[in-house]
Amino acid sequence: MKIGTPMQTYRIHRLKEHLRNQVRFAPHVSGTATVKPRDYQPAATGADLVEAETPYAAFFALRDTPAPLEVGDVLESASDGSLRIFKFVGFEEAQWALPEQKPVAAGPTPASDEPAPALS
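Using the working numbering, read the sequence shown as starting at -15 and increasing by one per residue.
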């Protein structure tokens, strides 16, 4: 452990209980995991924060508490907003799945008394 390593604050996003088995038995894939905000319980104000040097240090700090990190939980760094998801193989990078922007539908055009121009 390095001396003077700054502590980071992580916000804990806890996976909803009924989704844990899906994460637990999902095949392991490489690359950044995409997670949906709706799959996580809203954090109570200040209750789901942990200070640690690394995500692994946060795991060890919480493992003997009444609310340890569980597979599927996400740590969000307060300093840069980066996400790490806890899997059986350790912590991996993650990102929020943002809903696609629906194109703005053009409203009906006002009717015109003029006939459409003829194509030549």
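Glycine included, every Cβ here is placed at the ideal spot set by N, Cα and C.
Identify which residue in T(-7), D23, E76 and Y40 has its Cα closest to the Cα of G15.
Position 31 of the sequence shown holds residue 15. The shortest C-alpha separation from G15 is found at E76.
Does the distance from the CB of L59 to the CB of P52 come in under 8 Å?
One-based indexing of the sequence shown puts residue 59 at position 75. One-based indexing of the sequence shown puts residue 52 at position 68. Not a contact, by the Cβ cut-off of 8 Å.
In chain order, what residues of the same chain lie with their CB nearer than 7 Å to the CB of P21, ignoring the 5 residues before and after it?
In the sequence shown, residue 21 corresponds to position 37, counting from 1. Correct list, in chain order: W80.
Got a sec? Which residues, its chain only, sit under 6 Å from H(-3) by beta carbon, not counting five neighbours each side?
Indexing the sequence shown from 1 puts residue -3 at position 13. Hits under 6 Å: Y24 and V58.
How many whole angstroms separate the CB atoms of G74 and V7, which I take to be in contact at a CB cut-off of 8 Å?
In the sequence shown, the residue the question calls residue 74 occupies position 90. In the sequence shown, the residue the question calls residue 7 occupies position 23. The pair is not a contact, with the Cβ atoms about 14 Å apart (cut-off 8 Å).
What do you reckon, are the CB atoms on A78 and A17 nearer than 8 Å?
Residue 78 sits at position 94 when you count from the first residue of the sequence shown. Residue 17 sits at position 33 when you count from the first residue of the sequence shown. Yes.
I'd like to check one pair, V34 with Y(-6): are the Cβ atoms closer than 8 Å?
The count along the sequence shown starts at 1 and reaches residue -6 at position 10. The count along the sequence shown starts at 1 and reaches residue 34 at position 50. Contact flag set, yes.
Exposed or buried, what is P39 when buried is set at 16 or more other beta-carbons lying within 10 Å of its beta-carbon?
Taking the sequence shown and counting its residues from 1, one reaches residue 39 at position 55. That one is buried.
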